[in-house]
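Report on the following structure.
Protein chains in written order, with full-length UniProt numbering: chain A, 1 to 347; chain B, 1 to 347.
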């Protein structure tokens with residue numbers, strides 16, 4: 001039974017975190033709120049809302065505004081949020097255009113800064129950004145870093161050549177110990193698909209996948225049943241090895257592809273393969289080797305492989321950097337409201 | 001915000017259901033228990049355990065045994081379970097050997113009956129079993145039916161020829177209305193993988209998949225992050241269409257395969273493809289076209305496609321019918337403890 005108790009504790013922790021986030025998110029639409037307004041909007045019970053508010057007041061994220069003027073019954077207490085008291089630093093490493101952002105506790109981006117990644121020492125680039133950001137914003141409470149790499153048990157691997165200095169490093173542990181802040185390190189496509197899910201498709205259980213195809217490689221981010229799919233060793237979505245291109249794998253076929261038609265066939269094969277296994281609701285495509293005009297031909301080719309009418313909705317994703325940054329921020333917001341982080345890192 | 005409130009309600013319902021099941025399951029190891037013994041074993045709080053026990057007492061599933069003899073402090077109240085008050089009827093349709101079972105609320109199988117499926121009218125076979133079972137066991141509170149078919153929005157499709165009379169029928173709704181009991185209708189491989197997950201691998205988040213290859217077709221059951229993956233329209237795991245066999249799909253390659261070597265290559269291609277996308281912890285194989293001796297060659301071939309050392313643990317599954325029946329029963333047990341079923345169907 002040991003395992004089950006543990007599982008139950010994890011489950012409760014998750015519920016607590018999601019509820020805290022839900023209470024915070026309430027204030028996106030309301031300038032101020034009473035306990036019962038929050039309860040109505042979140043579907044949570046008044047005692048649950050009360051307990052969450054107390055933690056948030058203690059952490060300085062919510063302010064007690066005082067009582068409403070009495071109009072018959074007992075006057076209700078009003079609360080307001082201080083969104084600038086808990087900031088997230090999100091750092092999105094990308095082969096062609098990297099950016100870092102500062103976001104408030106409502107998930108709103110306050111500042112957005114492109115940065116250069118030409119130096120060979122990526123860790124010191126990251127350290128410089130963190131130090132600059134912490135000096136300008138002492139309210140940063142969590143750091144969220146996206147990397148175009150796989151992460152196996154915390155250790156970075158399979159980085160593209162430009163970021164090879166990150167390989168074999170437990171970046172999260174290093175940054176956490178150096179700056180004494182909670183840190184998330186996440187694969188870029190996982191962050192991108194989570195950004196899309198949490199901002200635009202929250203509640204979709206049928207699956208949302210994002211296939212990215214560039215001159216430097218391919219990758220897939222997967223959300224199923226509302227949860228990110230990382231796989232057993234963090235390597236879910238490594239579609240480069242998928243043996244679906246007439247005896248070749250996707251990576252080799254992509255490297256060799258020179259024509260528009262070849263690229264369309266490769267993406268169609270990936271679309272059909274992913275559909276056979278996951279039957280997702282949405283299939284997003286992005287990356288500089290693909291343009292939106294190719295979509296009709298991709299769908300037509302894929303429907304020769306996997307019956308038409310069952311194919312997911314296929315969409316070309318614009319503003320991938322926007323999804324990437326939102327994903328990093330939203331994953332950090334989910335993380336920060338864990339009871340553990342309250343105790344250790346927020347005061 | 002409407003969507004978020006709804007999502008929160010679903011989440012709570014799930015937590016409530018899982019907790020109720022956890023309290024019931026406690027009694028698998030204890031003849032009787034006090035509230036604090038249950039709280040300790042489940043990790044739930046005493047008030048939560050108390051609320052769940054009250055519902056279960058009202059439903060006749062738990063009995064109040066009276067107080068312990070006093071030894072110092074306030075004597076504790078003891079509870080015992082009546083596992084025969086809530087029975088599940090599980091009906092597992094299979095091409096070669098179908099069975100139905102009666103299980104108690106602890107998930108223990110009480111009776112197991114093979115049945116014949118040669119008749120052309122599968123629905124009337126199912127009705128006969130239900131009527132026979134309900135007459136012998138009036139305590140049956142839920143029916144769980146497994147079919148070797150896909151289920152799209154409740155409607156059965158893609159059945160093998162032998163069960164083609166099921167196609168285009170909303171079997172769940174039909175049986176529910178006729179017998180006024182909650183009914184689950186589930187794809188066979190989904191039930192099989194859930195049986196394995198819930199009985200043997202509960203808590204594994206890295207993914208568990210089960211690939212089934214017979215003379216009549218192929219299929220895949222998938223559990224990721226502890227949840228069954230059904231896909232957007234119930235067609236996740238339709239691996240027959242996977243275009244991974246040197247330009248042919250798995251179904252065509254399997255139909256054409258005559259040698260042991262060809263079959264090994266097909267299974268290895270599926271193993272590698274599924275691994276690239278899902279990176280699961282376990283990959284089970286079963287079906288009469290495969291024997292356990294083939295596993296080393298399957299793994300060796302697959303590791304030419306997807307790097308060795310990242311492949312999942314590959315296992316040959318014995319007693320697939322046992323997993324199938326356990327899956328049907330355990331899915332029914334999870335379903336029956338929803339608050340909805342309490343209100344409507346259990347008294």
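From the three backbone atoms N, C-alpha and C, an ideal C-beta is built for every residue, glycine too.
Quick check: what's the CA-CA separation for residue i versus residue j?
| i | j | result |
| --- | --- | --- |
| residue 49 of chain A | residue 233 of chain B | 36 Å |
| residue 348 of chain A | residue 37 of chain B | Nothing can be reported for residue 348 of chain A: it is not among the residues displayed for chain A, which extend from 1 to 347. |
| residue 2 of chain B | residue 40 of chain A | Here the model assigns residue 2 of chain B a pLDDT of 34, short of 50, so the residue's position is not dependable, and the following value carries that caveat. Approximately 10 Å, taken between the alpha carbons. |
| residue 286 of chain A | residue 245 of chain A | 19 Å |
| residue 307 of chain A | residue 117 of chain A | 44 Å |
| residue 22 of chain B | residue 334 of chain B | 10 Å |
| residue 343 of chain B | residue 86 of chain B | In this prediction, residue 343 of chain B scores a pLDDT of 34, lower than 50, which makes its location untrustworthy; the coordinate-derived value is nonetheless stated afterwards. Rounded to the nearest angstrom, the two C-alpha atoms are 15 Å apart. |
| residue 16 of chain B | residue 205 of chain A | 20 Å |
| residue 93 of chain A | residue 110 of chain A | 19 Å |
| residue 313 of chain A | residue 190 of chain A | 19 Å |
| residue 208 of chain A | residue 293 of chain A | 21 Å |
| residue 336 of chain B | residue 182 of chain B | 8 Å |
| residue 119 of chain A | residue 237 of chain A | 28 Å |
| residue 251 of chain B | residue 223 of chain A | 27 Å |
| residue 147 of chain B | residue 262 of chain B | 29 Å |
| residue 230 of chain A | residue 193 of chain B | 19 Å |
| residue 141 of chain B | residue 152 of chain B | 25 Å |
| residue 163 of chain B | residue 315 of chain A | 37 Å |
| residue 167 of chain B | residue 254 of chain A | 40 Å |
| residue 26 of chain A | residue 331 of chain A | 18 Å |
| residue 348 of chain A | residue 145 of chain A | For residue 348 of chain A there is no data in the structure shown, the boundaries of chain A being 1 and 347. |
| residue 321 of chain B | residue 217 of chain A | 43 Å |
| residue 221 of chain B | residue 157 of chain B | 17 Å |
| residue 28 of chain A | residue 197 of chain A | 18 Å |
Is the Cβ-Cβ distance between residue i and residue j less than 8 Å?
| i | j | result |
| --- | --- | --- |
| residue 277 of chain A | residue 329 of chain B | no |
| residue 265 of chain A | residue 301 of chain A | yes |
| residue 103 of chain A | residue 34 of chain A | no |
| residue 150 of chain A | residue 235 of chain A | yes |
| residue 228 of chain A | residue 143 of chain A | no |
| residue 135 of chain A | residue 80 of chain A | no |
| residue 106 of chain A | residue 83 of chain A | yes |
| residue 225 of chain B | residue 225 of chain A | yes |
| residue 91 of chain B | residue 129 of chain B | yes |
| residue 269 of chain B | residue 305 of chain B | yes |
| residue 100 of chain A | residue 51 of chain A | no |
| residue 384 of chain A | residue 62 of chain A | Look at the range of chain A in this structure, 1 to 347, and you will see that residue 384 of chain A is not part of it. |
| residue 289 of chain A | residue 213 of chain A | yes |
| residue 271 of chain A | residue 310 of chain A | no |
| residue 326 of chain B | residue 203 of chain B | no |
| residue 210 of chain B | residue 59 of chain B | no |
| residue 154 of chain A | residue 173 of chain A | yes |
| residue 240 of chain B | residue 247 of chain A | no |
| residue 74 of chain B | residue 65 of chain B | no |
Helix or strand or just coil, what does DSSP make of residue i?
| i | result |
| --- | --- |
| residue 315 of chain B | strand |
| residue 337 of chain A | coil |
| residue 363 of chain A | The requested residue 363 of chain A does not occur in the structure, where chain A is confined to residues 1 to 347. |
| residue 165 of chain A | helix |
| residue 1 of chain B | With a pLDDT of only 30 at residue 1 of chain B, under the threshold of 50, the placement of this residue in the model should not be trusted, and no figure is reported. |
| residue 152 of chain B | strand |
| residue 277 of chain A | helix |
| residue 343 of chain B | Interpretation of residue 343 of chain B is limited by its pLDDT of 34, a score under 50 that renders its predicted location unreliable; the figure taken from the coordinates is listed afterwards. Of the three classes helix, strand and coil, the one that applies to residue 343 of chain B here is helix, per DSSP. |
| residue 373 of chain A | Nothing can be reported for residue 373 of chain A: it is not among the residues displayed for chain A, which extend from 1 to 347. |
| residue 290 of chain B | coil |
| residue 298 of chain B | helix |
| residue 329 of chain B | helix |
| residue 11 of chain A | Because the pLDDT of residue 11 of chain A is 47, which lies under 50, any placement of that residue in the model is unreliable, and the number read from its coordinates should be weighed accordingly. Correct three-state label for residue 11 of chain A: helix. |
| residue 285 of chain B | strand |
| residue 175 of chain A | helix |
**Every unbroken alpha helix (DSSP H) inside the region 178–264 of chain B [4 residues or more]** = Here the runs fully enclosed are 188–200, 250–256.
**Selection of the region 265–292 of chain B by Cβ proximity to chain A, strictly under 9 Å** = Here the close residues are 269, 272, 273, 274, 275, 276, 277, 278, 279, 280, 281, 282.
**Request:** Using a Cβ-Cβ cut-off of less than 9 Å, give me the residues of the region 236–263 of chain A that come near chain B, in sequence order.
**Result:** Here the close residues are 236, 237, 238, 239, 240, 241, 242, 243, 244, 245, 246, 247, 249, 250.
**Prompt:** Which parts of the region 28–116 of chain B are runs of the alpha helix (DSSP H), unbroken and 4 residues or longer, counting only runs that do not cross its ends?
**Reply:** Taken in chain order, the unbroken stretches of alpha helix (DSSP H) that lie wholly in the region 28–116 of chain B and span 4 residues or more are 35–42, 46–58.
**Message:** Tell me which residues of the region 140–152 of chain B have at least one Cβ-Cβ distance to chain A shorter than 7 Å, keeping chain order.
**Reply:** Here the close residues number zero.
**Interfacial residues, the region 186–218 of chain A to chain B, with Cβ spacing under 8 Å** = Correct list: 202, 203, 206, 207.
**Request:** Could you name each continuous alpha helix (DSSP H) segment of 4 residues or more that falls completely within the region 115–146 of chain A, going from the start of the chain to the end?
**Result:** You should have 122–136.
**Request:** Anything in the region 302–313 of chain A with a Cβ closer than 8 Å to a Cβ of chain B? List those residues in chain order, please.
**Result:** Taken in chain order, the members of the region 302–313 of chain A whose beta-carbon sits within less than 8 Å of a beta-carbon on chain B are 305, 306, 307, 310, 312.
**Prompt:** Along the region 217–232 of chain B, what residues have a CB closer than 9 Å to any CB found in chain A?
**Reply:** Within the region 217–232 of chain B, the residues whose Cβ lies closer than 9 Å to some Cβ of chain A are 220, 222, 224, 225, 226, 227, 228, 229, 230, 231, 232, listed in chain order.
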